[in-house]
Each structure stands twice: as C-alpha cells, then as structure tokens.
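In this note's numbering, the protein residues as written are 3 to 472. Take a look at the structure below.
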Amino acid sequence: MRTDIYRRAQILLVGLMALALFAMPLTTLAQTKISYHSNRYSPSDDVKAGQQAAREVEQKMPIMRDEEVEAYVTRVGNRLVEAIPPEFQHPEFRYYFRVVNASDINAFALPGGPMYVNRGMIEAARNEGEMAGVMAHELSHVALRHGTAQATKAQKYSILAGVAGIAGAILGGPALGQVGQGVVGTYFLKFSREYETEADILGAQIMARAGYDPHDLANIFKTIERQGGGGGGFFSDHPSPANRYERINQEAAMLRVENPIRESAEFTRVQQILRGQGRAPSMSDIARSGQRYPNQGGSSNDYPVSDRVGYPSTRYRSYNGGNLFTLRYPDNWREVGDSSNSIWFTPEGAYGQVQGQSVFTHGVNVGIAQAQYNNLRQATDAFINSLGQGNGNLRQRGSYQRGTIDGRNALAISLSNVNEATGRPEIVTVYTTMLRNGQLFYYIAVAPQNDYNSFQGAFRNVLNSINLND
Ligand SMILES: [Zn+2]
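If you want it as structure tokens, here you go:
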C-alpha cells in the first residue's frame, strides 16, 4: 500500500543564522599543531577524485532528498567549513553535504569536499554539537588531504585513477567497508591511527572556532557506545574509542568557547522528521540489496521492505490523535507519521520507500480526508478512487458493507492490491465514517493475502478501540 509522502512546510530559523555570525573565535592556549603529510597530488586532483567517487557513491547509496533536512545539515556543515584554519583551506575545494538513508551511526567524506552523513548518526546524536563533531572530524580528513596523502604513501600513482583510499568514516572501515564488493567498498580504506588522531584534533579545533563545544566530538563516542557500537569488530584496527575520547577532551581543555552551540530547535525538528520516516536500512542491508540509485537529483531514497515481519503483540498501547481520536495498537508496532492528516501503525520491517513514496506491507493507516460530498457513500467512493490513483492494482473485492466506528455508521469495503515493493498480493480493508465537520475519517488495514489471517485479530482490535472526539 502506497501513500503520499509528507511534504513538510519549510521553516526558516533566521535566529540560528544570526547566531552563526556571532560565533566567537576561540582564545588559543596551546592547541596541538597539525601539519600536512607529504602529498604528490595537487588539491585539484583531490577534487577530481572526490567528484568521481561521489558519482558512484550516490548510485550505490540511498541519498535522502528531504530539502529541510539537507538544508539544515548544509548550514551546520558550512559553519564548520568557515571555521577551518586558513592554512588548511583550499580555494579549489567544494564542500557539500548529503544525508544517506542508513541506520549506522557514521559519516564519511570524499577528497575535495563531498560529505555523506548517515541518517542514523543524526538520529543518535544527543544534540547538534555531537552531530557537528562527527562532521568536523570528517572535514578534517578532507582539509588535511588525507586521501591523497595516503595514496602518496602507497607509492602508486595509479591508485588515484581508481579513486581508492580516499574516504574516512568517523569510525573507520568496518561498517562502511561492508558496502558492496565493488568500487564503493574500496573507498573506505581505513586511515592510519595517526590520521584518525589528527582528524580528531583538528576536528576539535574546528568545532571551537565554529562556536561548538569540542567536548561534543568526544561525547559522540560515548553515544555510539551506548547504542551498542554497531556490533562486533566495529572498533577493531582503530584507536580505541576510550583513547580517542580522552585525547579529544585533552585538546578540548586547551580550547575555549564562550556559550557553545549545543541544542538547537532545528536539530530537534530534523530528528523528529527523520524518526518519523520509518526504518532506515543498515549499510549491510544496502550492500546486500545490491540496489542502484540512478535518479540523482530525483527521489532516490528507496529501500526495500523486509520479508520478515513479526506477529502482532497481544499487549496494546495508546495513541492520542490530538483532539480528534484515540486508539490502541499492538505494542510491537510503531507509529509512522505519513502526513499531517494520516498516521500508520505498523510492525518493524513492514514499511519501506519506493520512488520516494512510503510503502507499507502490514499495518493500519488512520487519517482524515477532505470530503467533497456530505453523503458517506459518495465521499467514500471518491476516497477509494483517490487510493486507486496511487495504487494501480487496487480492486474492489465486493460491495460495501455496513459497519461502525465508535458506534457511528461506517462503510466497510475489502479490496485486493499488489504491493509495489514486494509484488505480493495483499488484502486492504477500508472503513470510513463522517466527522461532524464534514470530513471523512478513514481506517485502512493492510496485510499480504497469506498473512491476513494472522493480523485480522489485531486489525479488529485497533478498529474497535477507536474513539472519535470531534
Ligand atoms: Zn576518521
């Protein structure tokens, strides 16, 4: 079942831009001096290699196309770029920032400027400072030209033609190295401990110069640890997070920032947007799917739904839909906001993205539609028609039945569909009733045909729990 993606109103927080203008340059005590490694390439070689790699990365990874999210990450990124010390600025470099729809807490950057921040990192960060810390670390690899310095050390000029060895993730290779056996995999060669330490130190200095608390760069390692660290050998072959935490804090002690930026309303809002977008795939999911994302500039944040969806829990939790309605749903389902007028209650793995639109395989969708008619039958006909426009395979399985929602007259109809994401036949049950203001309240339950029996009880319980408060 497909529904329209939520188009969010753009909110410009002018206040934050003003804040950036007043970000104080730090008072220097005795910060660690970092210098370039020998490099046989020119800065424009970095740019060329990075651009080539970026093209491939954007075909292999689901880039999010949410304007508000991208604009926000770009504003934070630009604030950091301006704070790169003059000796590490390169006029040739073009920094830009993209959000990858991946759950892993990570980020990486390519030579000459392209940076990719995982959605999971933004969702996990406890504040804007922590997110900025990861980005400052990545920017430092770029500014220090670590990719081409590493290629120089490898004594292989040809390596640049293959644009290898040029990206560094905040936590190094393992998580990103899983991405594909192909070209992208080779980007994520690990940097040496020395390079990582340099990026941590310069990252802390950039943080302070941009008006952030450099301790927040250290704190992200605690946040990652708390979230389970991404599993197994995540930290292997790298300076241990504990050492990095201490070294960054040591540097931070030498940097002073007055009133550092930590919280921001924009950060909170962007986290809410991302958390409302359903499950992000992990990097290894993305690698396994072997999917390509050819529509650069279009909607290309597709990801597959899972083929394993758990049975509904028999425990229920409450949902309060503003002043309009309440209901109860199984406590192993999640609320997925679909638009300001529609919400899904759906098990893990039962939703994904196809061509920028949300697709659900199992769950209940409840919402309010503008009705062109004040007659329930006509309003429902129009509503079913509108559903058909987004779901070409939707067919009625019979005629309308009488039903009730919270004791009110309702119409019920069963439809069949073929799910856009899985190609599996599914059953869609729709209930509608009129609200007192003339709008149409709807309840839609959907499950694959061969799972429907297992979900029917839960669907009925959700329907019976609805209280309308209009
Ligand atoms: Zn790094």
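Note that the Cβ used here is the ideal one computed from N, Cα and C, for glycine as well. No experiment lies behind these values; they were computed from the predicted model shown.
Counting only the same chain and skipping the five closest in sequence on each side, list residues whose C-beta sits under 7 angstroms from that of residue i.
| i | result |
| --- | --- |
| residue 257 | 28, 33, 206, 207, 210 and 216 |
| residue 17 | Because residue 17 sits at a pLDDT of 32, beneath the cut-off of 50, its placement in the model cannot be relied upon, and the following sentence gives the value as read from the coordinates. Cβ neighbours of residue 17 beyond the five flanking positions: none. |
| residue 319 | 330, 331 and 333 |
| residue 254 | 206, 216, 217 and 220 |
| residue 397 | 417 and 418 |
| residue 265 | 129 and 130 |
| residue 82 | 134, 137, 138, 141, 208 and 212 |
| residue 122 | 104, 105, 106, 107 and 282 |
| residue 325 | 471 |
Note the first and the last residue of the continuous beta strand (DSSP E) segment covering residue i.
| i | result |
| --- | --- |
| residue 88 | Per DSSP, residue 88 belongs to no beta strand (DSSP E) and is neither H nor E. |
| residue 196 | Counting along the chain, residue 196 falls outside any beta strand (DSSP E), though it belongs to the alpha helix (DSSP H) covering 195-211. |
| residue 322 | 318-323 |
| residue 410 | 410-420 |
| residue 344 | 344-349 |
| residue 406 | 403-407 |
| residue 249 | Residue 249 -> not in any beta strand (DSSP E); alpha helix (DSSP H) instead, spanning 243-254. |
| residue 366 | 365-371 |
| residue 474 | An answer regarding residue 474 cannot be provided, because it is not within the stretch 3 to 472 covered by the chain. |
| residue 432 | 427-436 |
| residue 329 | 327-332 |
Residue i: which of the options sits nearest, CA to CA?
| i | options | result |
| --- | --- | --- |
| residue 468 | 278, 361, 127 and 327 | 327 |
| residue 316 | 456, 139 and 228 | 456 |
| residue 144 | 111, 271 and 75 | 111 |
| residue 389 | 444, 413 and 43 | 444 |
| residue 154 | 228, 74, 44 and 219 | 44 |
| residue 247 | 263, 265, 267 and 225 | 225 |
| residue 463 | 81, 42, 85 and 347 | 347 |
| residue 250 | 213, 152, 274 and 136 | 136 |
| residue 55 | 37, 393 and 149 | 149 |
| residue 384 | 393, 50, 373 and 368 | 373 |
| residue 77 | 91, 92, 87 and 97 | 97 |
| residue 259 | 213, 252, 313 and 229 | 213 |
| residue 88 | 36, 73, 120 and 48 | 36 |
| residue 369 | 335, 441 and 69 | 441 |
| residue 197 | 245, 146, 90 and 229 | 146 |
| residue 454 | 343, 437, 313 and 438 | 313 |
| residue 195 | 377, 281, 127 and 245 | 245 |
| residue 378 | 394, 437 and 92 | 437 |
| residue 376 | 439, 387, 394 and 335 | 439 |
| residue 124 | 391, 229, 51 and 460 | 229 |
| residue 406 | 465, 371, 459 and 394 | 465 |
| residue 401 | 391, 386 and 53 | 386 |
| residue 86 | 203, 51 and 122 | 203 |
| residue 79 | 132, 227 and 399 | 132 |
Starting from the C-beta of residue i, find all residues in its chain whose C-beta is less than 6 angstroms away, skip the five residues before and the five after it, and write them out in chain order.
| i | result |
| --- | --- |
| residue 427 | 420 and 451 |
| residue 23 | With a pLDDT of 37 at residue 23, under the threshold of 50, the modelled position of this residue cannot be trusted; read the value that follows with caution. Nothing listed; no residue qualifies. |
| residue 95 | 114 and 115 |
| residue 118 | 100, 102 and 110 |
| residue 269 | 130 |
| residue 350 | none |
| residue 201 | 139, 142 and 143 |
| residue 403 | 414 |
| residue 151 | 39 and 41 |
| residue 411 | none |
| residue 470 | 327 and 408 |
| residue 272 | 71 and 74 |
| residue 46 | 94 |
| residue 381 | 373, 375 and 442 |
Considering just the uninterrupted stretch of the alpha helix (DSSP H) at residue i, what are its terminal residues?
| i | result |
| --- | --- |
| residue 286 | 285-291 |
| residue 445 | From DSSP, residue 445 is part of no alpha helix (DSSP H) but of the beta strand (DSSP E) over 442-450. |
| residue 454 | 454-467 |
| residue 107 | First-last for residue 107: undefined, no H or E at that position. |
| residue 136 | 130-145 |
| residue 149 | 148-155 |
| residue 125 | 121-126 |
| residue 45 | 45-62 |
| residue 74 | 69-84 |
| residue 271 | 267-277 |
| residue 260 | No alpha helix (DSSP H) holds residue 260; DSSP gives it neither H nor E. |
Does chain B have any CB closer than 8 angstroms to the CB of residue i?
| i | result |
| --- | --- |
| residue 365 | Among the chains of the structure shown, chain B does not appear; only one protein chain is present. |
Can you list, in chain order, the residues of its chain with a C-beta nearer than 8 angstroms to that of residue i? Leave out the 5 residues immediately preceding and following it.
| i | result |
| --- | --- |
| residue 49 | 94, 95, 96, 113, 114 and 115 |
| residue 461 | 366, 431, 447 and 449 |
| residue 345 | 321, 323, 337, 338, 339, 367, 368 and 369 |
Check your understanding: Within the chosen definition, does the region 361-380 reach the region 447-459 through at least 3 CB pairs nearer than 8 angstroms?
Key -> yes
Check your understanding: Should the region 400-420 be called in touch with the region 432-440, which here means at least 3 C-beta pairs below 8 angstroms?
Key -> Using a Cβ-Cβ distance cut-off of 8 angstroms, the region 400-420 and the region 432-440 are in contact, since at least three pairs of beta carbons, one from each stretch, lie closer than that value.
Practice item. Answer yes if the region 272-291 comes into contact with the region 63-75, meaning at least three C-beta pairs across the two stretches below 8 angstroms, and no otherwise. Key: Verdict: yes, contact present.
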